[in-house]
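Structure first, then comments.
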Amino acid sequence: MEETGLQPQQPDAPASGDAAGAFGPARANAHVAGAAGLASAGQAASAPAAHTGLWARLQSMFVPHTAVGLNIADDAVSVVKVHRRGNDFKVLCAAGAAIKPTKAGASPGARRAALVAAVREALDAAGIRTRKVVVNLPGDVAECNVDTYPPMPMHELEAVLKRQGIKLYGESTTWDYVTLPGNTGGERNVISVYAPGEQTIECIKLLKDCSLTASTISVSDLALLSLAQRMVKEGESAALVHFTRRAVSVTVIANGEPSLIRRIQLDREAGGNPEYVVQEINRTFLYFKQKCRGRSVARVIQSGASERMIDLLVQTTNVSVDDFSSLPFSVGAVRPDFSPVAAGLAVMGTSSTQINLLPDDLKEKRERGMKAASILAACISTVVIYLACYYSLHVAQRMYRDASNKLRMQAAFFEPLRREHEGIKTLREKVDLRRNLHTELAQMSLPWPYVLWGIGKIIPPNVNLAEMTLFRDENDDEGNWKLRIAGDLTVRAERRALVLRQLLDRLGQSGLFEAIQLDPLQETDTGAMGFSIRCNVVPTKDWAS
Numbered sequence: 014m015e016e017t018g019l020q021p022q023q024p025d026a027p028a029s030g031d032a033a034g035a036f037g038p039a040r041a042n043a044h045v046a047g048a049a050g051l052a053s054a055g056q057a058a059s060a061p062a063a064h065t066g067l068w069a070r071l072q073s074m075f076v077p078h079t080a081v082g083l084n085i086a087d088d089a090v091s092v093v094k095v096h097r098r099g100n101d102f103k104v105l106c107a108a109g110a111a112i113k114p115t116k117a118g119a120s121p122g123a124r125r126a127a128l129v130a131a132v133r134e135a136l137d138a139a140g141i142r143t144r145k146v147v148v149n150l151p152g153d154v155a156e157c158n159v160d161t162y163p164p165m166p167m168h169e170l171e172a173v174l175k176r177q178g179i180k181l182y183g184e185s186t187t188w189d190y191v192t193l194p195g196n197t198g199g200e201r202n203v204i205s206v207y208a209p210g211e212q213t214i215e216c217i218k219l220l221k222d223c224s225l226t227a228s229t230i231s232v233s234d235l236a237l238l239s240l241a242q243r244m245v246k247e248g249e250s251a252a253l254v255h256f257t258r259r260a261v262s263v264t265v266i267a268n269g270e271p272s273l274i275r276r277i278q279l280d281r282e283a284g285g286n287p288e289y290v291v292q293e294i295n296r297t298f299l300y301f302k303q304k305c306r307g308r309s310v311a312r313v314i315q316s317g318a319s320e321r322m323i324d325l326l327v328q329t330t331n332v333s334v335d336d337f338s339s340l341p342f343s344v345g346a347v348r349p350d351f352s353p354v355a356a357g358l359a360v361m362g363t364s365s366t367q368i369n370l371l372p373d374d375l376k377e378k379r380e381r382g383m384k385a386a387s388i389l390a391a392c393i394s395t396v397v398i399y400l401a402c403y404y405s406l407h408v409a410q411r412m413y414r415d416a417s418n419k420l421r422m423q424a425a426f427f428e429p430l431r432r433e434h435e436g437i438k439t440l441r442e443k444v445d446l447r448r449n450l451h452t453e454l455a456q457m458s459l460p461w462p463y464v465l466w467g468i469g470k471i472i473p474p475n476v477n478l479a480e481m482t483l484f485r486d487e488n489d490d491e492g493n494w495k496l497r498i499a500g501d502l503t504v505r506a507e508r509r510a511l512v513l514r515q516l517l518d519r520l521g522q523s524g525l526f527e528a529i530q531l532d533p534l535q536e537t538d539t540g541a542m543g544f545s546i547r548c549n550v551v552p553t554k555d556w557a558s
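Right, dumping it as C-alpha cells:
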C-alpha cells in the first residue's frame, strides 16, 4: 500500500463563512490560480495569472446558474443537471447508463466506443441537450493533497507546486490548486491536484467523440467534497471516505475546510482485506487527533463502501457513518438513486472558482470567452440603463407638462373666486375701521367721570367693589356699552340678600343703567359672598341734567 498527501491543517486556521461554489466555505476568500495543463505530452506549462479584484466580481455575475455533471466510472456513466439559486441547489434531471463490458484483449477503440455509447445513452435518458459539461477524470489517476506552505510570493508557490507535480508524473503533468484561508502566522494552506497529461488529453478526445465540450475537468474526490462540506455542521469535524477499486481517499473536514487528504492505494491483496483498509482509515483519524490538539472525527460520510465495510467502520472507529442519500440540496421530483459524484460535479459547474485540469490553451480560450461575454454583458447593461434613463426622463417630462396644464386650468377656474375674496376682504377692513372709529367716538361722548361718581353713590355699605369692566358686544349693532361690576359682600349671611337687593334697586333707579343681570353668586376663600352684575349703559340719558 502506498500513502500520499498526509498533511494536517493547523488548528488555528479561522473558519470562513458560507459560500456557494465548488468548495463551499473554503472558496469564499480563496485565491484561484489557473491550471498548468499541457497542450501535448512533454511540454511543461506554467499557471496563468489569477483573476482578482473587480474583474473577478464582474465574472461572478455571469457564472451559469445551471450546470451538467458527467461522472465516468469503471462500469457506469451518470449525468446530473443542477440549478442554483443563491445557496440553494435543485436537481433538474438525472440518469445513468451501464458501460457494456468488452471482451478480454479487445482494442482500446472498443472500450472507447462503449464509453461513448454509454454517455450518449445517459444524456438521452435525462433529456439533456447541453454541449458543455463538468466531467471527472476517468481512471482514478489524480493525486489530491492538502499542504501547508510558509509565507512566500505567489510565483514561488507556483514553482514549488510545479516541481511537486513533475516529481509525481514527470514533465507531462496537468495540475491546478486553490489556496485556503491561512493561519495567523501567514502560512498558506493549499489544495493541489495533479494528473498525467495524457489522461487529460484522452478525456478531452472522449468528450469530443460524444459531441461534448468540457467546461471543467476535475476529480471525483473534489466533486464529493463539494457536497460533503454542505452536509457538515458548523464546528463539526467529519471525514469524507471515498472507496474505488484502486484507492481509498480520506478527507477530513474541520472548520468547514479540508484539513488533510490521505490517498491509500489498493493492490489486489489489500483490496480484498477490509480489516486492513479500516485499520488504515482509523490510523488517519488518530493522526488528525494527534496533530489537531485532541480534536477527533465524529462523523464519516462515505461513498462506494460495502455493508461489511460500513459495519467495520462503525465498530472499529466508533463514529457514525452516513452516505449521500440525504442530499444537501433540494432533489425535487427526481429519485435520489443517482451518482453523488455527478451531482458534485454539477455543483462545481455553477461556481466561478474551482480547480480545473483543462490544458493551458483551452483554459486561456475559456477565459477569453468569459472576458468577451463579460464585456458584451456590460455593454448591453449600459445600453439598457441608458434607454431606461431616457424613457424615465421622457415620462417625467410628460408628467410635468400634464401637471402644468392642470395647474393652469385650476388657476383660471379659481381666479374669479380669488378676486371676489379679495373684494370681501377689503369691505371687511372698511367695516372694521368704521366700527373702531364709532367706538372711539362713543367713548368720547360718554361722561365717564359722572358715571363713576354715580356708581360710587349707588354702592351701599359693606360692599367691596373689586372689578369694573366696560366692554361692547360685537353682535350689538346699536353700539351700546356694557358694564360689569364685580365684588363681594362682607355682611353676615342673613343680611346678604337684603344688601344685594338694595344694590340692584339703586342701579335700576339711577337711570344710568338698564338690562341689569345678576350672575350666580360664589363664595370666596375669605368666607365672603362674591357677586357679578352685568348691565347696559344708557347713552340717551341727558347727562347735563
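So the sequence shown is residues 14 to 558, counted in the numbering used here. Heads up, the beta-carbon is just placed ideally off N, CA and C, and yes, glycines get one too. Quick caveat, the model's predicted, so the values are computed rather than measured.
Does E480 come out as helix, strand or coil in the three-state DSSP assignment?
Strand.
Where does V310 fall in DSSP's three states?
In the structure shown, V310 sits in coil (DSSP, three-state: anything other than H, G, I, E or B).
Scan the stretch 97–181 and note each continuous alpha helix (DSSP H) run of 4 residues or more that stays entirely inside, going in chain order.
Segments of the alpha helix (DSSP H) lying fully in the stretch 97–181: 121–139.
List, from N- to C-terminal side, the alpha helix (DSSP H) runs of 4 residues or more that fit wholly inside the stretch 369–429.
You should have found no qualifying run.
Beta-carbon separation of T213 and P372 under 8 angstroms?
Going by C-beta atoms, T213 is nearer than 8 angstroms to P372.
Could you tell me the distance, in whole angstroms, from the CA atom of E527 to the CA atom of N549?
Their Cα atoms are separated by approximately 5 angstroms.
Have a look at the DSSP bridge pairing and note the partners of I217.
Looking at the DSSP output, I217 sits in no beta bridge, so it has no partner there.
So what does DSSP say about N295, is it helix, strand or coil?
N295 sits in a helix when the DSSP states are folded into three classes.
Mapping DSSP to helix, strand and coil, what is V254?
In this structure, V254 counts as strand in the three-state DSSP scheme.
Whole-number beta carbon distance between D153 and T257, since they are thought to touch under 8 angstroms
With a Cβ gap of about 5 angstroms, T257 and D153 count as contacting.
E4 and L181: beta carbons closer than 8 angstroms?
Nothing about residue 4 can be read from this structure; the chain reaches only from 14 to 558.
When DSSP labels each residue in this structure, what does I472 get in the three-state scheme?
Coil, per DSSP.
Taking only three categories from DSSP, how would you classify Q56?
Model confidence at Q56 stands at a pLDDT of 27, short of 50, so the residue's coordinates are unreliable and nothing is read from them.
Among S545, T482, E433, N84, nearest to L531 - alpha-carbon criterion:
Proximity to L531 across S545, T482, E433, N84 peaks at S545, based on C-alpha coordinates.
For S333: DSSP bridge partner residues
Beta-bridge pairing links S333 to R312.
Would DSSP call E433 helix, strand or coil?
E433 falls in the helix class under three-state DSSP.
How about P353 and M322: do their beta carbons lie closer than 8 angstroms?
The beta carbons of P353 and M322 sit no closer together than 8 angstroms.
Quick one: using the 10 Å Cβ neighbour count with 16 as the cut-off for buried, is R275 buried or exposed?
Per the 10 Å Cβ criterion, buried.
Burial state of S405, where buried means 16 or more other Cβ atoms lie within 10 Å:
Per the 10 Å Cβ criterion, exposed.
Which residues bound the beta strand (DSSP E) around D189?
That run of the beta strand (DSSP E) goes 186–193.
What does DSSP give as the partner residue(s) for G500 in the beta ladder?
Answer is L478, F544, bridged to G500.
Can the beta-carbon of S231 be found less than 8 angstroms from the beta-carbon of L105?
No.
Under the three-state DSSP convention, the category F526 falls into:
Strand.
Measuring alpha carbon to alpha carbon, tell me which of L516, H78, N369, K94 ends up nearest N475.
Ranked by how close their Cα comes to the Cα of N475, the residues L516, H78, N369, K94 have L516 in first place.
Classification of S228 by the beta-carbon crowding that lies within 10 angstroms, buried from 16 upward:
When all chains shown are included, S228 counts as buried.
Excluding the 5 residues flanking N149 on each side, which residues of the same chain have their C-beta closer than 7 angstroms to its C-beta?
Excluding residues within five positions, the ones whose Cβ falls inside 7 angstroms are N84, I85, S231, V232, S233, A236, V354, L358.
With 16 other Cβ atoms within 10 Å as the buried cut-off, status of S2
The chain is shown only over 14 to 558; residue 2 falls outside these bounds and no answer can be derived.
Ordered along the chain, which non-local residues of its own chain (more than five positions away) have a Cβ less than 7 angstroms from that of V7?
For the chain, the structure presents residues 14 to 558; residue 7 sits outside this window and is missing.
Does DSSP classify T539 as helix, strand or coil?
Correct three-state label for T539: coil.
How would you label L430, buried or exposed, when you count the other beta carbons within 10 angstroms and need 16 or more for buried?
Taking all protein chains in view, the Cβ of L430 is surrounded by fewer than 16 other Cβ atoms within 10 Å, so the residue is classified as exposed.
Just the Cα atoms here: how many angstroms apart are H434 and N493?
Near 31 angstroms, if we compare the C-alpha coordinates of N493 and H434.
Buried versus exposed, by CB contacts within 10 Å (16 or more), L478
Around the CB of L478, fewer than 16 other CB atoms lie within 10 Å, so the residue is classed as exposed.
Buried or exposed (CB count within 10 angstroms, at least 16 for buried), E188
Here residue 188 is Trp; the residue named in the question, Glu, does not match the sequence. Around the beta-carbon of W188, 16 or more other beta-carbon atoms lie within 10 Å, marking it buried.
So, are the CB atoms of I204 and L220 less than 8 angstroms apart?
Cβ distance not < 8 angstroms, so I204 and L220 don't count as in contact.
Cα separation between G362 and A401?
Their Cα atoms are separated by approximately 33 angstroms.
What does DSSP give as the partner residues of W494 in its beta bridges?
DSSP lists R485, V550 as partners of W494.
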